[in-house]
Amino acid sequence: MGSITLKQVTKSFGPVDVIKPIDLEVEDGEFVVFVGPSGCGKSTLLRLIAGLEDVTSGHIEINSKDATTIPPAKRGLAMVFQSYALYPHMSVRKNIAFPLKMAGIDKAVIDRKVDEAARVLNLSDYIDRRPGQLSGGQRQRVAIGRAIVREPDAFLFDEPLSNLDAALRGNMRLEISELHQSLKTTMIYVTHDQVEAMTMADKIVVLRDGIIEQVGAPIELYKNPRNLFVAGFIGSPKMNFITGAEAEKKDAHTIGVRPEHFSVSRSKGTWKGTVGVAEHLGSDTFLHVSADGVGTLTVRADGEVDLKYGDDVHVTADPNKIYRFGTDGNTIR
Amino acid sequence: MATKNSRSAARLMMAPAVILLLGWMLVPLTMTLWFSFRKYLPLRGGDLGWVGFDNYVRFVSSSSFWPSVQTTLIIVGGVLAITVVFGILLALLLDQPMWGQGIVRILVIAPFFVMPTVSALVWKNIFMDPVNGLFAHLWKFFGATPIEWLSQASVQSIVMIVSWQWLPFATLILLTAVQSLDSERLEASEMDGAKPLQRFGYIILPHLARAITIVVLIQTIFLLSIFAEIFVTTGGAFGTKTLSYLIFQRVLESQNIGLGSAGGIYAVILANIVAIFLMRIVGKNLDA
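From first to last, the protein sequence lines stand for chains L and A. Each residue of the first sequence is one higher than the one before, starting from 47 at the first, in the working numbering. Each residue of the second sequence is one higher than the one before, starting from 45 at the first, in the working numbering.
The structure is reproduced here in structure tokens:
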């Protein structure tokens, strides 16, 4: 049980409309990621669902029951905060046990549940330490442990990995995904990192300025972005956008080509240019080509390519993978 | 940086300050110790030579000694309890967003800037005067007999005056501590199902522990030696004679410097005992 429905939800802080009317359906067991640039309202939307902020208008339904005015503790949701928000004067055990203790659960049951959560999250060796004595990743796991023991209908994650270093972030991403596979509980996850969104989500919600730009499975968003913003936001490196004469040839205001949909040749191709910076990663090579008439293009080539700064190249876009956008920014199909 | 040369240069340059501070502390202490072993009556023969531990024995065996220690501890304890409890409440109140917050905060801190002598006189004459004081008028308005504050409830009156002076200090320190509490931590406890009182007990109070320790330690140091408030209100009468006031009486009213010095040494010992106890009880909060 853990379906969440937003109906025409809005939120204003004084004269500023942070969330414009939003409708959203989160199904039971789904991993939904809210993604967007900073200030797009994704964290506010999560806090509205959690009940930490009151909606200005509209309704929030949890398990098909109106939860708009229910206080946060009674909504059956657990939240993991960006700063972890652990209680520094309590041991790991007491931190994890806190929600159970507040619910007035029997001491023996609490101990059993805390031990179980600590085992699942590999925290058993640290159970009597204070949060201050733990590393960032361990603190993150304590915060998740505190959420798990409540056995909530849904988990809410507010940018939980942004305080970790890159290697740890990769690990925690996997751990959270595995947790979702084993618990099969609804999870709503907020991030500004499209890589996290692509790798973890069942469904991505792309937000901009308090409006949902597009909702869909990661690959769906990658393949069929509805507009320029989604096309530019999903995919790494960013999609190349070309305007002007080259776009008009295709009857569009802007055309977009992803770096991986170019082919590179020394002798012939559509656009001629010179290689600027070449990033050799071994598995891929990213070339920044300044092409005549279209500007700088980011091009991905498979494996190792023997091209360096200043070389002349020809790049060709795969004709089936060119996106066309109208003057309003929407995709032309 | 930390070469042998730079370290000895640093020591050399710090030396004047260290020597000055050390002298500042050691000279009066040594003089007090010196006089405490001598019979010194400025108006009755001057310095009359060594007397061993006579002064120490006389000071303790005086009938005013133990009552004065008791009064000192009651006043210190009473003021600490009032300032910490009300300080926490005021700090939580002032942390709420409200109109005119800046001005209100300055007003709350204002009593701290009033000199002890002045505030004690204001309380004595404007509030506590049994004939014309505001409290007397208030009591009469409700048909009650006015309390003669400074004679009938003398220790309580002094605790009240001193608390009024030190409440701003406690509030200020505790307010900064309240403001440093991470709001996400409160929200997390709210989601974990903690009710307002539980949030206070489990989250806010432990967060304030360190600030409370600091308030208690600093106030104790100053409260053990309060003098002006007693001098201008009761003059040590009606059971308000603290240890420091007793010493003042021995030296200036009885003109017995030797006896007063011995009392001074007892005061140092008492302060150290209190300090050790406080460190034991609350000092461990400073480690975390």
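Beta carbons are placed, not taken as given, at the ideal position from N, Cα and C, and that holds for glycine.
Quiz prompt | Residue range of the unbroken alpha helix (DSSP H) whose run includes Ala-163(A) | solution = Here residue 163(A) turns out to be Ser, not Ala, going by the sequence shown. Segment 160-166, the alpha helix (DSSP H) holding Ser-163(A).
Practice problem: State yes or no: is the C-beta of Thr-377(L) within less than 9 Å of the C-beta of Arg-272(L)? | Solution: Taking 9 Å as the Cβ cut-off, Thr-377(L) and Arg-272(L) qualify as a contacting pair.
Quiz prompt | C-beta contact flag for Ile-116(L) and Val-55(L) at 9 Å | solution = No, the Cβ-Cβ distance between Ile-116(L) and Val-55(L) is not below 9 Å.
Exercise. Select from Arg-324(A), Ser-305(A), Ala-319(A), Phe-321(A) the residue whose C-alpha is nearest the C-alpha of Pro-104(A).
Key: According to the sequence displayed, residue 104(A) carries Val and not Pro. Comparing C-alpha distances from Val-104(A) to each of Arg-324(A), Ser-305(A), Ala-319(A), Phe-321(A) shows the shortest one belongs to Ser-305(A).
Quiz item: From Leu-214(L) to Asp-152(L), what distance separates their C-alpha atoms?
Solution: Near 36 Å, if we compare the C-alpha coordinates of Asp-152(L) and Leu-214(L).
Quiz prompt | Segments of 4+ residues assigned as alpha helix (DSSP H) that fall wholly inside the region 164-228 of chain A | solution = Fully enclosed alpha helix (DSSP H) runs of 4 or longer: 178-185, 193-196, 198-223.
Quiz item: Does DSSP classify Ala-143(L) as helix, strand or coil?
Solution: DSSP places Ala-143(L) in helix when its eight states are reduced to three.
Quiz prompt | Cβ shell of Gly-122(L) (< 6 Å), same chain only, five flanking positions each side left out | solution = Closer than 6 Å at the Cβ level, and outside the excluded window around Gly-122(L), lie Pro-198, Asp-199.
Practice problem: Provide the residue span of the alpha helix (DSSP H) that contains Asn-217(L), from first to last. | Solution: Element bounds for Asn-217(L): 212-229.
Practice problem: Less than 8 Å between the CB atoms is what I'm expecting for Pro-212(A) and Phe-156(A), so what's the real figure, rounded? | Solution: Between the beta-carbon of Pro-212(A) and that of Phe-156(A) there is about 4 Å, and that keeps the pair under the 8 Å contact cut.
Practice problem: To the nearest angstrom, report how far apart Val-3(L) and Asp-338(L) are at their CA atoms. | Solution: Residue 3(L) is absent from the structure shown; chain L starts at 47 and stops at 379.
Self-check item: Nearest-angstrom Cα separation, counted from Asn-366(L) out to Tyr-355(L)
Solution: Rounded to whole angstroms, the separation of the alpha carbons of Asn-366(L) and Tyr-355(L) is 29 Å.
Quiz item: Which stretch, first to last residue, makes up the beta strand (DSSP E) that contains Ala-363(L)?
Solution: Run containing Ala-363(L): 358-363, per the beta strand (DSSP E) assignment.
Quiz item: When you compare each of Ala-131(L), Leu-94(L), His-299(L), Met-285(L) to Ile-190(L) by their alpha carbons, which one comes out closest?
Solution: The option with the nearest alpha carbon to Ile-190(L) is Ala-131(L).
Quiz item: Which full runs of the alpha helix (DSSP H) of 4+ residues lie inside the region 65-149 of chain L, going along the chain?
Solution: Along the length of the region 65-149 of chain L, whole alpha helix (DSSP H) runs at least 4 residues long occupy 88-96, 138-148, reported in chain order.
Quiz item: Relative to chain L, which residues along the region 127-161 of chain A have a C-beta separation below 8 Å, given in chain order?
Solution: Per Cβ criterion, the list is empty.
Quiz prompt | Integer Cβ distance of Asp-236(A) from Met-136(L), believed to fall under 8 Å | solution = Contact doesn't hold; Cβ gap of about 12 Å is too wide.
Self-check item: Those residues which DSSP pairs with Asp-255(L) across a bridge
Solution: DSSP lists no partner for Asp-255(L).
Quiz item: With burial defined as no fewer than 16 other Cβ atoms inside 10 Å of the residue's Cβ, what is the status of Ala-332(A): buried or exposed?
Solution: Low confidence applies to Ala-332(A): its pLDDT is 49, below 50, so where it sits in the model is not reliable enough to give any reading.
Quiz prompt | Proximal residues of chain A, C-beta to C-beta of Met-244(L) below 9 Å | solution = Chain-ordered listing is empty here: chain A has no CB closer than 9 Å to the CB of Met-244(L), the nearest sitting near 27 Å.
Practice problem: Using a Cβ cut-off of 9 Å, pull out every chain L residue sitting near Pro-250(A), in sequence order please. | Solution: Against Pro-250(A), the close residues of chain L are Tyr-133, Pro-134, His-135, Met-136, in the order they occur along the chain (beta-carbon pairs closer than 9 Å).
Practice problem: Name, please, each residue of chain L whose Cβ falls closer than 7 Å to the Cβ of Ile-247(A). | Solution: For the C-beta of Ile-247(A), the chain L residues within less than 7 Å are, from N- to C-terminus, Tyr-133.
Self-check item: Start-end ranges of the alpha helix (DSSP H) lying completely within the region 248-331 of chain L, minimum 4 residues
Solution: Within the region 248-331 of chain L, the complete alpha helix (DSSP H) runs of at least 4 residues are 264-269, 274-279, 291-294.
Quiz item: Around the Cβ of Val-276(L), are there at least 16 other Cβ atoms within 10 angstroms (buried) or fewer (exposed)?
Solution: That one is buried.
Quiz item: Any idea if Lys-64(L) is buried or exposed, counting beta-carbon neighbours within 10 angstroms, 16 or more meaning buried?
Solution: The sequence shown places Val at residue 64(L), rather than the Lys named in the question. Residue environment: Val-64(L) is assigned as buried (16 or more neighbouring CB atoms within 10 Å of its CB, all protein chains considered).
Practice problem: Pull out every residue of the region 198-228 of chain A whose Cβ sits closer than 7 Å to any Cβ of chain L, in chain order. | Solution: So the close ones are Asp-226, Glu-228.
Exercise. Could you work out which residue in Pro-145(L), Lys-57(L), Ile-95(L) is closest to Lys-37(A) when comparing CA atoms only?
Key: The shown model of chain A, from 45 to 332, leaves out residue 37(A), and the question about it has no answer.
Exercise. Please name the residue in Val-340(L), Ile-50(L), Leu-267(L) whose C-alpha comes closest to that of Lys-295(L).
Key: Nearest option by C-alpha distance: Val-340(L).
Quiz prompt | Secondary structure of Ala-332(A), DSSP reduced to three states | solution = With a pLDDT of 49 at Ala-332(A), under the threshold of 50, the modelled position of this residue cannot be trusted, and the question is left open.
Quiz prompt | Neighbour flag for Gly-283(A) against chain L, beta carbons, 9 Å | solution = Not an interface residue.
Practice problem: Quick one: grab the DSSP three-state call for Gln-299(A). | Solution: Look at Gln-299(A) here: in three-state DSSP terms it is coil, with no helix or strand label.
Practice problem: Taking only the alpha-carbon atoms, compute the straight-line gap between Leu-290(A) and Arg-82(A) and give it to the nearest angstrom. | Solution: Separation of Leu-290(A) and Arg-82(A) (C-alpha to C-alpha, rounded to the nearest whole angstrom) is 19 Å.
Quiz item: By the criterion of Cβ-Cβ separation under 7 Å, what are the contact partners of Leu-167(L) in chain A?
Solution: Think of a sphere of 7 Å around the beta carbon of Leu-167(L): no beta carbon from chain A falls inside it, the nearest being about 17 Å out.
Practice problem: Please compile the residues from chain A whose C-beta is within a distance smaller than 7 Å of the C-beta of Pro-118(L). | Solution: By Cβ distance, chain A contributes Glu-234, Met-235.
Self-check item: Cut-off 7 Å between Cβ atoms - residues of its own chain near Ser-58(L), not counting five sequence neighbours on either side
Solution: A distance below 7 Å between beta-carbons, with the five flanking residues on each side excluded, links Ser-58(L) to the following residues of its chain, in chain order: Val-64, Thr-102.
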